[in-house]
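Trainee:
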Ligand SMILES: Nc1ncnc2c1ncn2[C@@H]1O[C@H](COP(=O)(O)OP(=O)(O)OP(=O)(O)O)[C@@H](O)[C@H]1O
Ligand SMILES: [Mg+2]
């Protein structure tokens, strides 16, 4: 199989049959050997991290597909830590969509003059560009259209899908007594009609979750969700 891209935590292969294969690695992002899901460099390797991330991704993508929301998911091979997906064209050079239910992280760092840390937010959607050199800058729908990255109509579809997907994830987590504070998704254009679909992964490192006042770190979150 031809390797298309070697990412920080996953490698992307062309299966040659019209689909791609994502290989989930045990590498996790972090700084100075400390696991940090928000970091832009690979910090360390944790045995089993790839498989655990894939298991949770499979769990959520099946639920989202069942709800009739388009995704790239075809199937998963847990033993080999691989997932077969439909190839997507990303927006521009790739972007991330963040959905926020609580004012924490970079939201609170930016807007702390106007809110308290942990305040409830009403399913607030933000988009950032995947650009490590520029620290993944925030971008508005106007700039996205002006720069030829996506139209305002596509933005509306994307924001609407994001809120629907977030509800599904949030409800599943609530069943395990976990509260979802925020979550990050990726989208792309899939198929001949280039419809907008959820791509990439939904693992512990893509979200912030709490049980009461206790922050639940990604690997523990995966254990709880899959138990
Ligand atoms: N269906 C798909 N078609 C094409 N590319 C995809 C698809 N699903 C995911 N990708 C891309 O595959 C890559 C996976 O690599 P990885 O998750 O390691 O991330 P990365 O790009 O190195 O960095 P980041 O930390 O910003 O996610 C990402 O660039 C992601 O956008
Ligand atoms: Mg990634």
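In UniProt numbering, the protein residues as written are 1 to 227. Note that beta-carbon positions come from the ideal geometry of N, C-alpha and C, so glycine has one too. The model shown is predicted, which means the values in this text are computed figures rather than measured ones.
1) Does at least one heavy atom of ligand 2 sit under 7 Å from the Cβ of residue 9?
2) Rounding to the nearest angstrom, what Cα-Cα distance links residue 77 and residue 86 in this structure?
3) Going by DSSP, which residues form a beta bridge with residue 9?
4) Below 8 Å, how does it come out for the segment 187 to 206 and the segment 52 to 61: are there three or more Cβ pairs, yes or no?
5) Would you report the Cα separation of residue 135 and residue 128, rounded to the nearest angstrom?
6) Taking only runs of the alpha helix (DSSP H) that begin and end inside the segment 70 to 153, which ones reach a length of at least 4 residues, in chain order?
7) From what residue to what residue does the beta strand (DSSP E) around residue 184 run?
8) I want to check one thing, is the minimum distance from the CB of residue 22 to the heavy atoms of ligand 1 below 7 Å?
9) Exposed or buried, residue 102, counting other C-beta atoms within 10 Å across all chains shown (16 or more means buried)?
10) Touch check for the segment 54 to 74 and the segment 90 to 102: three-plus C-beta pairs under 8 Å?
11) Spatial neighbours of residue 15 within its chain, please: CB distance less than 8 Å, with the 5 preceding and 5 following residues excluded, ordered by chain position.
12) Report the residue from 169, 181, 3, 188 whose alpha carbon sits nearest the alpha carbon of residue 64.
13) Would residue 48 and residue 35 be called neighbours here (beta carbons separated by less than 8 Å)?
Mentor: The short version:
1) Yes, since a heavy atom of ligand 2 falls inside the 7 Å radius drawn around the Cβ of residue 9.
2) The alpha-carbon atoms of residue 77 and residue 86 are separated by roughly 15 Å.
3) Answer by DSSP bridge pairing: none, since residue 9 is not bridged.
4) The answer is yes - the segment 52 to 61 touches the segment 187 to 206, with three or more Cβ pairs under 8 Å.
5) 9 Å
6) As far as the segment 70 to 153 is concerned, its whole alpha helix (DSSP H) runs of at least 4 residues are 105 to 111, 141 to 146.
7) Annotation: the continuous beta strand (DSSP E) that includes residue 184 extends over 179 to 190.
8) Yes, Cβ of residue 22 sits closer than 7 Å to a heavy atom of ligand 1.
9) buried
10) Here the segment 54 to 74 makes no contact with the segment 90 to 102; the two share fewer than three CB pairs at distances below 8 Å.
11) Once the five neighbours on either side are set aside, the close Cβ partners of residue 15 are 1, 21, 84.
12) 169
13) At a Cβ-Cβ threshold of 8 Å, residue 48 and residue 35 do not count as neighbours.
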